[in-house]
Amino acid sequence: DGGITQSPKYLFRKEGQNVTLSCEQNLNHDAMYWYRQDPGQGLRLIYYSQIVNDFQKGDIAEGYSVSREKKESFPLTVTSAQKNPTAFYLCASSFGLQETQYFGPGTRLLVL
Amino acid sequence: GQQVMQIPQYQHVQEGEDFTTYCNSSTTLSNIQWYKQRPGGHPVFLIQLVKSGEVKKQKRLTFQFGEAKKNSSLHITATQTTDVGTYFCAGDFGNEKLTFGTGTRLTIIP
Numbered sequence: 117d118g119g120i121t122q123s124p125k126y127l128f129r130k131e132g133q134n135v136t137l138s139c140e141q142n143l144n145h146d147a148m149y150w151y152r153q154d155p156g157q158g159l160r161l162i163y164y165s166q167i168v169n170d171f172q173k174g175d176i177a178e179g180y181s182v183s184r185e186k187k188e189s190f191p192l193t194v195t196s197a198q199k200n201p202t203a204f205y206l207c208a209s210s211f212g213l214q215e216t217q218y219f220g221p222g223t224r225l226l227v228l
Numbered sequence: 217g218q219q220v221m222q223i224p225q226y227q228h229v230q231e232g233e234d235f236t237t238y239c240n241s242s243t244t245l246s247n248i249q250w251y252k253q254r255p256g257g258h259p260v261f262l263i264q265l266v267k268s269g270e271v272k273k274q275k276r277l278t279f280q281f282g283e284a285k286k287n288s289s290l291h292i293t294a295t296q297t298t299d300v301g302t303y304f305c306a307g308d309f310g311n312e313k314l315t316f317g318t319g320t321r322l323t324i325i326p
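Residue numbers (this note's numbering), protein chains in the order written: chain E, 117 to 228; chain W, 217 to 326.
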């Protein structure tokens, strides 16, 4: 099956810990994205990558880091510097930056 | 920066009533896309509009792109409980990535 997957579905973090969210796609898409969604709110762009080994900050990049070593993978690390990380994190991919985005099922992060 | 404003933020309708959400941009868009996110789910692509004045229909959903390509609307006729969710527009300004609107959250009163 082609698609975009995220793991884990739920993630619990203790304060002061870094955690990494996984995002994998087998759609042969060049571009990948990370969004944060708070309850009842819209999508806020954290980071995006147009091509392997290149990525750009979005609107709320502080406290987050990413890597794009492979075309299929775009992991997001939520660092301890992110003071309010509890949210729903969505990964997406597309052929190009203006093309239709396909979203993964999301990861819900909760800080304990 | 380039922004896409979407209104209303929330809409509660009785089942069977119509629903409309609007997206507006201060600058011309190359195209606009619409997505739907069911409660607890992830956004799913619905449609893309490219031409000035374009109108597309998907069953009870009607999508319009303004003549000036600065605004768009999504109209649902005779809402059903399956229409519940948040509807997002996403604008392409032709020079960078898509810009998502803030979304309209639709709830249906049975």
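Ideal placement from N, C-alpha and C gives every residue a C-beta, glycine not left out.
- In the displayed model, E:D170 falls within a strand according to three-state DSSP.
- Counting only runs that start and end inside the segment 153-199 of chain E, the beta strand (DSSP E) elements of at least 3 residues fall at 160-167, 170-173, 180-182 and 192-194.
- With respect to chain E, the C-beta atom of W:V229 has no partner C-beta closer than 9 Å.
- E:P221 reaches chain W at G257 and H258, counting residues in chain order whose Cβ is nearer than 8 Å.
- Taking 9 Å as the threshold, the shortest C-beta distance from W:E312 to chain E falls below it.
- W:G310 is classed as exposed because its beta carbon has fewer than 16 other beta carbons within 10 Å across all chains shown.
- Taken in chain order, the members of the segment 233-246 of chain W whose beta-carbon sits within less than 8 Å of a beta-carbon on chain E are S246.
- A direct Cα-to-Cα measurement between W:T320 and W:K272 gives close to 20 Å.
- DSSP, read as helix, strand or coil, puts W:T295 in coil.
- Note on geometry: alpha-carbon atoms of E:A208 and E:S189 lie some 11 Å from one another.
- Any Cβ of chain W closer than 9 Å to the Cβ of E:A203 would place that residue at the interface, and such an atom is absent.
- Under DSSP, W:G301 shares a beta bridge with W:L322.
- Per DSSP, reduced to three states, the secondary structure at W:T243 is coil, with no helix or strand assignment.
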